[in-house]
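This report refers to the structure that appears directly beneath it.
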Amino acid sequence: MMQRFLVCIIALWNVLSFGAIASPAWNRRLAEIDKSPVDDEGLRLLKLQEEALRNVNEAIGRGHHSHHDEKDMYEAGGDHERKKWSTCTKEKLRIRKEWRFLSKKDRENYINAVYCLKLKPSLYTEQEAPGSKSLFDSFTAVHINQTLLVHGNFNFLAWHRYFVWLYEEALRDCGYKGPIPYWEWGYDVYDPHKSPLFDGSPHSLGSDGAPLPNREPTYLQGPPPPIPQPPPGKGMRFSVGLGGGCVMSGPFAEMPANLGPVILGGGEVESNPLRHKPSCLKRDLSPEIGQKYNSFNWSTWSIEESVDIVGFQSRLSGDQGQGHGDYPLNFWGVHGGGHTFLGGETGHHSDFYASPQDPAFFLHHAQIDRLWSIWQWLDIKERRDQFYGTLTFANIPPSRNGTLDDLLEFGRLAPPIPLREVMGTTGGPFCYFYE
Numbered sequence: 260m261m262q263r264f265l266v267c268i269i270a271l272w273n274v275l276s277f278g279a280i281a282s283p284a285w286n287r288r289l290a291e292i293d294k295s296p297v298d299d300e301g302l303r304l305l306k307l308q309e310e311a312l313r314n315v316n317e318a319i320g321r322g323h324h325s326h327h328d329e330k331d332m333y334e335a336g337g338d339h340e341r342k343k344w345s346t347c348t349k350e351k352l353r354i355r356k357e358w359r360f361l362s363k364k365d366r367e368n369y370i371n372a373v374y375c376l377k378l379k380p381s382l383y384t385e386q387e388a389p390g391s392k393s394l395f396d397s398f399t400a401v402h403i404n405q406t407l408l409v410h411g412n413f414n415f416l417a418w419h420r421y422f423v424w425l426y427e428e429a430l431r432d433c434g435y436k437g438p439i440p441y442w443e444w445g446y447d448v449y450d451p452h453k454s455p456l457f458d459g460s461p462h463s464l465g466s467d468g469a470p471l472p473n474r475e476p477t478y479l480q481g482p483p484p485p486i487p488q489p490p491p492g493k494g495m496r497f498s499v500g501l502g503g504g505c506v507m508s509g510p511f512a513e514m515p516a517n518l519g520p521v522i523l524g525g526g527e528v529e530s531n532p533l534r535h536k537p538s539c540l541k542r543d544l545s546p547e548i549g550q551k552y553n554s555f556n557w558s559t560w561s562i563e564e565s566v567d568i569v570g571f572q573s574r575l576s577g578d579q580g581q582g583h584g585d586y587p588l589n590f591w592g593v594h595g596g597g598h599t600f601l602g603g604e605t606g607h608h609s610d611f612y613a614s615p616q617d618p619a620f621f622l623h624h625a626q627i628d629r630l631w632s633i634w635q636w637l638d639i640k641e642r643r644d645q646f647y648g649t650l651t652f653a654n655i656p657p658s659r660n661g662t663l664d665d666l667l668e669f670g671r672l673a674p675p676i677p678l679r680e681v682m683g684t685t686g687g688p689f690c691y692f693y694e
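Per this note's numbering, the sequence shown starts with residue 260, numbered consecutively.
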């Protein structure tokens, strides 16, 4: 009853604030969330998203090159040397949706496209990456090679934005015509086994891992090297998840993982992180971690309380060694929380290096990009080109600050691309937003 009341209040607020009935997309989403486990913080997040989407449509509705649409909203200047910007229009705009709001047919097509990636040959030779047996594995190989250059630093958000987009393009080459979906963790933090993503049904991403018998009830989680490790017996302690073993049912239950884990729970990094380590795909869904790090309130808080990228990125992904460690949820933020919410103690998704071995990785990072995109488009004048941090993970070893001209590297997946070209969702190669 309270949830229905909140839906009605938000709808009325929209009319009073904007002098018109909300968009059809917003009305559809209100009807959908009326049947979903969303709280008032989740409704606020959707309202922020609706406001950001209006700003996107206003910009691209002008009919100019999308980069200049973004820039013209706040200044006529900027780098006039940029070339080859895509023309993003309302007709071309891809709208990324949450997995549970896709039709079953779209989910089926998405799953089939992932299997297609597993059947395509690797971009790497056996000598270069022994564990990369397919195009799907090539994405993991690139992530492993780039891990310490794309986390806890200046390009974390932008690098993963382009990485997810490259994956989306690969899926399209495999016949999936829709935009990549995202995973809104907030829907699932209390009962993840009932999630349309992980309930093991034919239209899910597969189930949790099989429960492991005789486990210790808790485990220690340390930071990944090169961050100094805590003394023996120290670190963050969590209850074990609900699974821990092989994915039991649904899509990807029989799909082998070929790379990783490279490191789980801190400790030493695998000496040959690209070696072939065939195993089943493992998951260990943890409601405790989900509720602690990935409830709606933390996502909404990350957007509403952040006036600059320093605050936003620190709230979103923690602040490892970049000098701004005064935010709740450090060390992880919702980013690290989401990895461990699904991966737990044993799962591939918890691995700092090889987490793309779990197909859910790309929906998790689409959600990260969604939050960043909303935050940017609420004030595109000030936020489009904001980033912060040095070149290295946790600034180890100490390095200079990044710049918009620094190149992002993607191995065999794509040529290097300057940071400035992937800072907006309707500029450069992009034309998308979220619903």
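Cβ atoms here follow ideal geometry from the backbone N, Cα and C, with glycine treated the same way.
Which residues DSSP lists as bridging residue i, in chain order
i           : result
residue 515 : 539
residue 506 : 468
residue 498 : 477
residue 365 : Answer by DSSP bridge pairing: none, since residue 365 is not bridged.
residue 458 : 466
residue 649 : 660
residue 441 : 357
residue 693 : 355
Straight-line Cα distance separating residue j from residue i
i           : j           : result
residue 595 : residue 410 : 11 Å
residue 597 : residue 297 : 17 Å
residue 440 : residue 357 : 5 Å
residue 691 : residue 615 : 22 Å
residue 376 : residue 353 : 21 Å
residue 486 : residue 459 : 37 Å
residue 461 : residue 606 : 21 Å
residue 571 : residue 401 : 26 Å
residue 617 : residue 540 : 7 Å
residue 474 : residue 421 : 39 Å
residue 294 : residue 360 : Its pLDDT being 47, under 50, residue 294 is placed unreliably by the model, and the measurement read from it follows with that caveat. The straight-line gap from Cα to Cα measures roughly 11 Å.
residue 682 : residue 483 : 27 Å
residue 412 : residue 455 : 33 Å
residue 289 : residue 438 : Because the pLDDT of residue 289 is 46, which lies under 50, any placement of that residue in the model is unreliable, and the question is left without a value.
residue 512 : residue 566 : 43 Å
residue 378 : residue 619 : 18 Å
residue 469 : residue 544 : 10 Å
residue 316 : residue 502 : 43 Å
residue 674 : residue 425 : 11 Å
residue 463 : residue 442 : 12 Å
residue 500 : residue 507 : 15 Å
residue 384 : residue 444 : 36 Å
residue 368 : residue 504 : 27 Å
From the options, residue whose alpha carbon lies closest to that of residue i
i           : options            : result
residue 509 : 620, 466, 528, 525 : 466
residue 493 : 502, 664, 478, 402 : 478
residue 433 : 457, 421, 417, 394 : 394
residue 530 : 404, 557, 689, 638 : 404
residue 628 : 414, 372, 459, 606 : 414
residue 514 : 619, 538, 303, 556 : 538
residue 391 : 443, 517, 366      : 517
residue 637 : 533, 304, 300      : 304
residue 680 : 556, 645, 660, 693 : 645
residue 407 : 309, 443, 528, 542 : 528
residue 448 : 600, 647, 507, 622 : 600
residue 558 : 535, 505, 630      : 630
residue 436 : 398, 365, 320      : 365
residue 677 : 417, 319, 346      : 417
residue 355 : 385, 564, 397, 312 : 312
residue 624 : 419, 383, 386      : 419
residue 641 : 568, 452, 563      : 568
Alpha helix (DSSP H) runs contained entirely in the stretch 663–687, provided each spans 4 or more residues: none
Cβ contact check for the stretch 602–612 and the stretch 517–537: 3 or more pairs under 8 Å: yes
Cβ contact check for the stretch 548–556 and the stretch 641–660: 3 or more pairs under 8 Å: no
Validate contact between the stretch 370–382 and the stretch 419–437 using beta carbons, cut 8 Å, 3 pairs: yes
Three-pair Cβ contact test at 8 Å for the stretch 478–487 versus the stretch 665–679: no
Contiguous alpha helix (DSSP H) assignments of at least 4 residues, all confined to the stretch 522–571: 546–552, 555–563
Contained beta strand (DSSP E) runs [length at least 3] in the stretch 595–624, N- to C-terminal order: none
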